[in-house]
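In full-length UniProt numbering, the protein residues as written are 1 to 178.
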């Protein structure tokens with residue numbers, strides 16, 4: 001069972017995302033991506049606006065991007081295909097995060113799920129907001145998909161990665177145990 005603090009975080013992220021999207025008027029088709037790593041928090045890179053991003057130097061990925069690869073393939077690839085490429089059942093998330101939705105819409109759908117039911121289809125994305133194996137790593141999954149969608153990393157397991165930092169391990173333990 002997930003604790004009240006985790007649920008408050010999920011709710012806060014969703015509310016903040018909806019507020020930011022409403023305030024900025026960012027349309028899904030007109031997203032602009034700032035992928036420049038500006039600062040690190042809890043072993044993860046963020047851009048100047050505080051949104052998660054990736055860092056790849058000389059073919060070495062940051063640990064969060066590698067973590068995102070692992071978590072994506074344990075929780076998401078069954079429907080969305082290997083390496084974010086999509087399938088006949090679900091869209092290519094590597095394209096969704098770079099061309100169709102901003103970070104906040106990604107977070108809202110990942111937390112709450114989505115249904116697109118009509119006479120031609122019955123597409124259902126389950127909610128992952130209470131699944132610690134996905135939610136504790138949702139930013140990692142997001143940056144992995146960004147790196148894939150922009151071509152910063154190729155298909156397959158990243159060949160080289162940074163070591164897991166103590167800060168990353170502490171935040172991970174806090175979320176998984178919380």
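The beta-carbon is built from N, C-alpha and C at its ideal position, and this holds for glycine as well. Being a predicted model, the structure only gives us computed values, none of them experimental.
In its chain, beyond the 5 residues on either side, 79, 80 have a beta carbon closer than 6 Å to the beta carbon of residue 90. Shown here, residue 70 sits in a helix according to DSSP, grouped into three states. Excluding five sequence positions before and after residue 175, the CB atoms of its chain that fall closer than 6 Å to its own CB belong to 136, given in chain order. Closest option to residue 50, judged by alpha-carbon separation, among 41, 58, 32: 41. Listed as beta-bridge partners of residue 123 by DSSP are 116.
Residue 140 counts as buried, since no fewer than 16 other beta carbons sit within 10 angstroms of its beta carbon. The C-beta separation of residue 153 from residue 147 comes to about 5 Å, placing the pair in contact by the 8 Å criterion. In the DSSP assignment, residue 44 falls within the beta strand (DSSP E) that extends over 44-46.
In this structure residue 151 is exposed. Its beta-carbon is surrounded by fewer than 16 other beta-carbon atoms within 10 angstroms. Spanning the alpha carbons of residue 74 and residue 48 requires a straight line of approximately 30 Å. Closest in alpha carbon position to residue 45, among 128, 32, 162, is 162. DSSP places residue 164 in the coil class of the three-state scheme, outside both helix and strand. Excluding five sequence positions before and after residue 134, the CB atoms of its chain that fall closer than 8 Å to its own CB belong to 71, 75, 76, 110, 128, 141, given in chain order.
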